[in-house]
């Protein structure tokens, strides 16, 4: 049941990331054209900020789920597979610790900005932007825990097989 919900949330995140990026791009373009014509859109920057924040944090989890985050492994691939396994495990654990800090301080930031409003949109609290940080951190934490669990379940042998299948995939 948990994995069905997790998959559903992952699909929703992908849609939020795609549409946020598309609407943000359209909003910035329309705003630039309108400004050039002498009719600036007052709330375009605030709208773009909102969309950008949600796009970044939802897309980060989508990339993490699909193992598409940037990875510089020019040195790591020269180590034996057991060492690579341990480095990846430590890296995932450190990422998890960072995400917990991001979650905790993101919640604090969201609480601190609850009375702040957008300059051009006074009815909308800035918390709707800052809440994307703990939301993204929570979702990435779940993804990270699942990846750690899967890596430990597979062990070094499973790591070697999955790593070999990832090579050459671009």
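Residue numbers (the numbering used here): 459 to 628.
Quick reminder that beta carbons are idealized off the backbone N, C-alpha and C, glycines included.
Check: Leaving out five residues on either side along the sequence, give the residues of the same chain with a beta carbon under 7 Å from the beta carbon of residue 627.; Outcome: For residue 627, the predicted structure reports a pLDDT of 46, less than 50, and the residue's modelled location is therefore unreliable. A value from the coordinates is still provided. Answer for residue 627: no residue qualifies.
Check: Where DSSP assigns a beta bridge to residue 583, which residues make up the other side?; Outcome: 575
Check: Please go through the same chain and pick out, in chain order, the residues whose beta-carbon is closer than 7 Å to the beta-carbon of residue 567, but skip the five residues on each side of it.; Outcome: 588 and 591
Check: Taking the Cβ atom as the reference point for each residue, do residue 546 and residue 473 lie within a distance shorter than 9 Å?; Outcome: no
Check: When you compare the CB of residue 460 with every CB in chain B, is at least one pair closer than 9 Å?; Outcome: No chain B is present in this structure, which holds just one protein chain.
Check: Taking residue 487 as the reference, give the member of 469, 475 and 506 with the closest Cα.; Outcome: 506
Check: Nearest to residue 512 by alpha carbon, out of 481, 555, 602 and 551?; Outcome: 481
Check: Where residue 596 and residue 576 are concerned, what is the direct C-alpha to C-alpha distance, given to the nearest angstrom?; Outcome: 25 Å
Check: Do the CB positions of residue 519 and residue 598 come within less than 9 Å of each other?; Outcome: yes
Check: Report the rounded CA-to-CA distance for residue 593 versus residue 550, giving the unit in angstroms.; Outcome: 19 Å
Check: Check each candidate in 561, 510, 601 and 606 and name the one with the smallest Cα separation from residue 476.; Outcome: 510
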